[in-house]
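Those sequence lines, one after another, are chains A and B.
For the first sequence, the positions run 1 to 397 when full-length UniProt numbering is used.
For the second sequence, the positions run 1 to 397 when full-length UniProt numbering is used.
From the three backbone atoms N, C-alpha and C, an ideal C-beta is built for every residue, glycine too.
Here's the structure we're looking at; comments come further down.
Number of protein chains: 2
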Amino acid sequence: MAFSHLSHLDCARCGNRYDADEINNLCTCGSPLLARYDLGSVSVDPSDIAQREPTLWRYHEVLPVRERVISMGEGMTPLLPLPALGKQLGVPGLLMKDDGLIPTGSFKARGAAVGVSRAAELGVKAFAMPSNGNASAAWTAYGARAGMRSVVAMPESAPLINRTESAITGAQLYLVRGHIGDCGQMIGALIARSGGALFDASTLKEPYRIEGKKTMGYEIVEQLGWRSPDVIVYPTGGGVGLIGIYKALLEMLELGWLTGPLPRLVAVQSSGCAPIVQAFNAGAKVSEPWPDPKTVAFGITVPKPLGDFLILEALYATNGTAVAVDDSDTLATQALCAQLEGAFICPEGAATLAAVRSLRTSGWIKQSDEVVVLNTGAGAKYPVDVDVPVLNPGDSI
Amino acid sequence: MAFSHLSHLDCARCGNRYDADEINNLCTCGSPLLARYDLGSVSVDPSDIAQREPTLWRYHEVLPVRERVISMGEGMTPLLPLPALGKQLGVPGLLMKDDGLIPTGSFKARGAAVGVSRAAELGVKAFAMPSNGNASAAWTAYGARAGMRSVVAMPESAPLINRTESAITGAQLYLVRGHIGDCGQMIGALIARSGGALFDASTLKEPYRIEGKKTMGYEIVEQLGWRSPDVIVYPTGGGVGLIGIYKALLEMLELGWLTGPLPRLVAVQSSGCAPIVQAFNAGAKVSEPWPDPKTVAFGITVPKPLGDFLILEALYATNGTAVAVDDSDTLATQALCAQLEGAFICPEGAATLAAVRSLRTSGWIKQSDEVVVLNTGAGAKYPVDVDVPVLNPGDSI
C-alpha cells in the first residue's frame, strides 16, 4: 500500500497538468498548482486512522510526502469547547481548534512540515521566501531539521519573537522597511538571480504547504466523529488555510469519509485590510489590492492574496460569508476569551471570535449552530506590557 | 468503574494519613502530602489506554480528579528523536519530550490542569501562589477556565510574557523586587490573613500538581511502548516534575504496566543555583539554601526546594545523578538544538542537553544509552533581540 496516493498536480485556474515528482512552482498561466490524489485507491478506513499517532501524518495517504517525513510532532491540536464564551455570544455550540499547540506555535507549522518534507525528498537544498513572521518561524525550523539552507525577508514591523525564532535556526534573515509585498519582490529577484539554487517557497508558489494546512479540515471532521460542524470561521490573510480546509472537505466527500452538507465557511479579515470582504460583498471572483493595510492581527495583513479566487470560490460554494472586524473588537475579544476560557489566543484567532459575535447579532449564525473557529497561533508569542503593581519584599499584598 | 482510584493522601516524610476529599495543604509536620491510589483495583489495560484521547487525562484512573475535568487539551506531547544533535553529542538514542506543545507553553500546565480541577471539585473559589512565571501563566489560565479568582506574586525579573499571560486572564498580579522566596513570604502572609478565603496553591503545599506532572513519566513509558529509557534528564528547580516522574515509575511497576530496572534519573541545575547538585555530591538527604541564585534558566532558580529530600531520594534510588551546567553552555546548546533539529526550546530544556554532553564526556552516559531529556517549555516565550540586516524596499538581498 502506497504511503502517499499523490498522482499529479494541476492548475487551479486553467487545469494544466504537471508531474508531481518534479520540482514545480506556479503554472505557466501564473496560478497556483494543487496536488491531486488517486483517492479511489485509498483503502484506509476512518476507524483505522483512530489507531494512529496524534499528528497530521495520520492522513498520510492524502498527503504528498512519499517517503521522508520531517516531523516535530505537529497536528491533532485540541478542538476545545468554549462554553462560557459561547454562552455570552449566544452560540452554545462554540468550539475552537487551537493551533497554538503546535511546533513554532502557529498553524504555519502544518504547511512547513509538509512543504519542507516534500521539497527535501524532491532534492531541494535551499529555499527563500517572504513572510509576515510565523511562516518564517515555521519554515526555517523545519528547514533546519531537514538540513536545508533558508533565506527570509520579513517586514521590520513583524513581531520580535519571529526574528528570534528564525535567526536561532541559522536562517539568513532580512528585515525590510516595507510590507510583505515589498519582501516578496526582493525575494523574487534573489531567486531569479540564484539560477535554480534557491527554491521559491512563497505562499501558493509552492504547491504543498496547502496540503499540510488542509489537515485542519481533516482533524476537525475526525474530532467531531467524522462529521462537519455547521460553520467554520477562519482568519484570512493569504487564505491558504481556508482553501486547504475546503479542499479537505471535498476530498473527504469523495473518499466517503464525510457526507454533506458542507459547513458554511467564513473568511474573517481586519477592517484595516479586508480585500476578500470587499470582493465578497461585490460578488467578485477576485480581489482588488488593499491600499495601506494596517491591523494588530499582523498575520492577516495581506493586501492582495494570490489565491483570492480560490478563497472566494470556497465561500460562494459553501454559502459562506466574509466579515471584517475592528482591531478594538479583536483585542477586547482576545481578553474576554482568556478571562472566560483561560485560553490566551493570538489576535488573528481572536478576530474569528469577534466575527462570531457580529454574525450572531446579524442572525447569520443561529443559536443552534455548531461553530468551529480557528485559533491560528499562541497568544504568548506576542507579549504586551501590562500595568502591574510593583512591591518590595516584606510589603503587604 | 471509578473514574479516579484516589484513596487518600499521606505525608511524604512522616507517613501521616489524610482524607483526600477534604482540602489539604502540608502535613502538620511541615512536609508535602502525596496522593495515593487503590492501584490494585485499577483494571484498565495499557492497550485500552491507546484508544483514548491524546491528553494526560487518558490516565484518569491514577489521577486525583473524580468528576470535573478542566482541560485545554494538555498532554501527550511529542517524544521527539534528536538524531543530528544526538550524533554530535555521542548519544545516538537521544530523545526529547517536548512540553513546549501544551497550553500556556510549559509543563506547568500539567500541574495546573490537575491541581485546578481537583481544587474546583473540592470547592475552592480562589487561590494564591508565588511563581517564577510559567506556573503563574498556567494556574491563572486554568483558574480562569474554572471560574476561580487568583492572586500571584512574581519576581520583577520574571519574563515579560509571563506577566502578559497572567494579567490577561484577569488574575490579581503583583511584581516583587526580590526572588521567589520573597514572593512566597508575601503570599503566605496574605493567605494567613484571608481566613480560609484563599487556597494556598504554592508548589508542593497543594498535593495535586505533582499528580499532573507525573503524567510526563506515564507518557514517556507509553510512547516507548510501555518500557523505560535508560536515562531521564530533568531540569530541576522545585523538582516537582522529577519527583512526579519517579512516583509515576513506581506506580507503573505496581500496576504491572512496566517492569524494571528503572531509568537513572538526572537532576540538572544551573551552576548559578545548584543546591541539589551540592547536596547530591555531599551524599546529603536535604539541600542547603543557595545564596544569591542567578541563571538565565529562570524557571529553575529555586534556592531551597521544599521537596529536596524527595528529589534526592529519587536520584539515589535510581542510581541517578545531579549535574550543574553553566549559562554559556545552556545558551550555546539552545542554539545548536535549533540549528540541528529545528526545535527552539527554553533555556531550562537546553540545560538538560548541555548536561547530556557533560555526562557523555565523563562516561556516565554510555553511547548505547537511550536518553530522554525534558524540554519543559517553548523557547518562543523568551524573545531575544537578534542582529538582523535591515533593508529598504527595492534593495538587493
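Exercise for the section: Specify the secondary structure class of residue 9 (chain B) as computed by DSSP and reduced to three states. Expected result: strand
Problem - Extent of the continuous alpha helix (DSSP H) run through residue 315 (chain A) - result: 308-317
Exercise for the section: Could you list the residues in the segment 160-172 of chain A with a C-beta less than 7 Å from some C-beta on chain B, going in chain order? Expected result: 160, 161, 163, 164, 165, 167, 168, 169 and 170
Exercise for the section: Using alpha carbons as the reference points, say which of A:297, A:298, A:277 and A:294 lies closest to residue 288 (chain A). Expected result: A:277
Exercise for the section: Please state whether DSSP places residue 154 (chain B) in a helix, a strand or coil. Expected result: In the three-state DSSP reduction, residue 154 (chain B) falls in the strand class (E or B).
Problem - Local conformation of residue 183 (chain B) per DSSP, three classes - result: Correct three-state label for residue 183 (chain B): helix.
Exercise for the section: With DSSP collapsed to three states, give me the class of residue 81 (chain B). Expected result: Residue 81 (chain B): strand per DSSP, three-state reduction.
Problem - Cβ neighbour criterion (16 or more within 10 Å) applied to residue 201 (chain A) - result: buried
Practice task
Return the residues of the segment 338-357 of chain B that lie within a Cβ-Cβ distance of less than 9 Å from chain A, sorted by chain order.
Solution key: 338, 339, 340, 341, 342, 343 and 344
Problem - Those residues which DSSP pairs with residue 231 (chain B) across a bridge - result: B:264 and B:371
Exercise for the section: Starting from residue 321 (chain B), trace the beta strand (DSSP E) both ways and give me its first and last residue. Expected result: 321-325
Problem - Buried or exposed (CB count within 10 angstroms, at least 16 for buried), residue 213 (chain A) - result: By the C-beta density criterion, residue 213 (chain A) is buried, having at least 16 other C-beta atoms within 10 angstroms.
Practice task
Please name the residue or residues paired with residue 346 (chain A) in a DSSP beta bridge.
Solution key: DSSP lists no partner for residue 346 (chain A).
Practice task
Determine, using beta carbons only, whether residue 94 (chain B) and residue 373 (chain B) come nearer to each other than 9 Å.
Solution key: Between residue 94 (chain B) and residue 373 (chain B), the C-beta gap is smaller than 9 Å, which places the two residues in contact.
Exercise for the section: Would you verify that the beta carbon of residue 381 (chain A) is, or is not, closer than 9 Å to some beta carbon of chain B? Expected result: By the rule that beta-carbons nearer than 9 Å mark a contact, residue 381 (chain A) touches chain B.
Exercise for the section: Using a cut-off of 9 Å between C-beta atoms, extract the partners of residue 178 (chain A) located in chain B. Expected result: 391, 392, 393 and 394
Exercise for the section: Tell me, please, whether the CB atom of residue 145 (chain B) is closer than 9 Å to any CB atom in chain A? Expected result: Closer than 9 Å to some Cβ of chain A, the Cβ of residue 145 (chain B) qualifies, so yes.
Handout entry: Span separating the alpha-carbon of residue 355 (chain B) from that of residue 364 (chain B)
Key = 11 Å
Exercise for the section: Would you list the residues sitting across from residue 196 (chain B) in a DSSP beta bridge? Expected result: Beta-bridge pairing by DSSP links residue 196 (chain B) to no other residue.
Problem - Rounded separation between residue 107 (chain B) and residue 313 (chain A) - CA only - result: 42 Å
Exercise for the section: Give a yes or no on whether the C-beta atoms belonging to residue 152 (chain A) and residue 198 (chain A) are separated by under 9 Å. Expected result: For the 9 Å CB-CB criterion, residue 152 (chain A) and residue 198 (chain A) do not form a contact.
Handout entry: C-beta atoms of residue 390 (chain B) and residue 79 (chain A) nearer than 9 Å
Key = no
Practice task
Could you tell me which chain C residues have their CB closer than 8 Å to the CB of residue 189 (chain B), listed as they occur along the chain?
Solution key: In summary, chain C is missing from the structure at hand, where the protein chains are A and B.
Problem - CB contact flag (residue 39 (chain B), residue 10 (chain B), <9 Å) - result: no
Practice task
Label residue 31 (chain B) either buried or exposed according to how many other C-beta atoms from any shown protein chain fall within 10 Å of its C-beta, with 16 as the threshold for buried.
Solution key: buried
Problem - chain B within 9 Å of residue 101 (chain A), Cβ atoms only - result: yes
Problem - Proximity below 9 Å, CB of residue 112 (chain B) to CB of residue 135 (chain B) - result: yes
Exercise for the section: Return no unless some Cβ of chain B is closer than 9 Å to the Cβ of residue 212 (chain A). Expected result: no
Practice task
Give the straight-line distance between the Cα atoms of residue 37 (chain A) and residue 43 (chain A), rounded to the nearest whole angstrom.
Solution key: 13 Å
Practice task
Compute the distance between the beta-carbons of residue 275 (chain B) and residue 302 (chain B), then report whether it is under 9 Å.
Solution key: yes
Exercise for the section: Within the segment 63-121 of chain B, note down every full alpha helix (DSSP H) run reaching 4 residues or more, in order along the chain. Expected result: The segment 63-121 of chain B contains these whole alpha helix (DSSP H) runs: 83-89 and 108-121.
Exercise for the section: Could you tell me the distance, in whole angstroms, from the CA atom of residue 311 (chain A) to the CA atom of residue 239 (chain B)? Expected result: 50 Å
Practice task
Return helix, strand or coil for residue 269 (chain A), following the three-state DSSP convention.
Solution key: strand
Problem - For residue 148 (chain A), the first and last residue of its enclosing alpha helix (DSSP H) - result: Per DSSP, residue 148 (chain A) belongs to no alpha helix (DSSP H) and is neither H nor E.
Practice task
Please name the residue, chosen from A:68, A:122 and A:168, that lies closest to residue 383 (chain B) on a Cα-to-Cα basis.
Solution key: A:168
Handout entry: Proximal chain B residues relative to residue 399 (chain A), where beta-carbon distance stays under 7 Å
Key = Past the boundaries of the shown model lies residue 399 (chain A); chain A is included only from 1 to 397, so the question cannot be answered.
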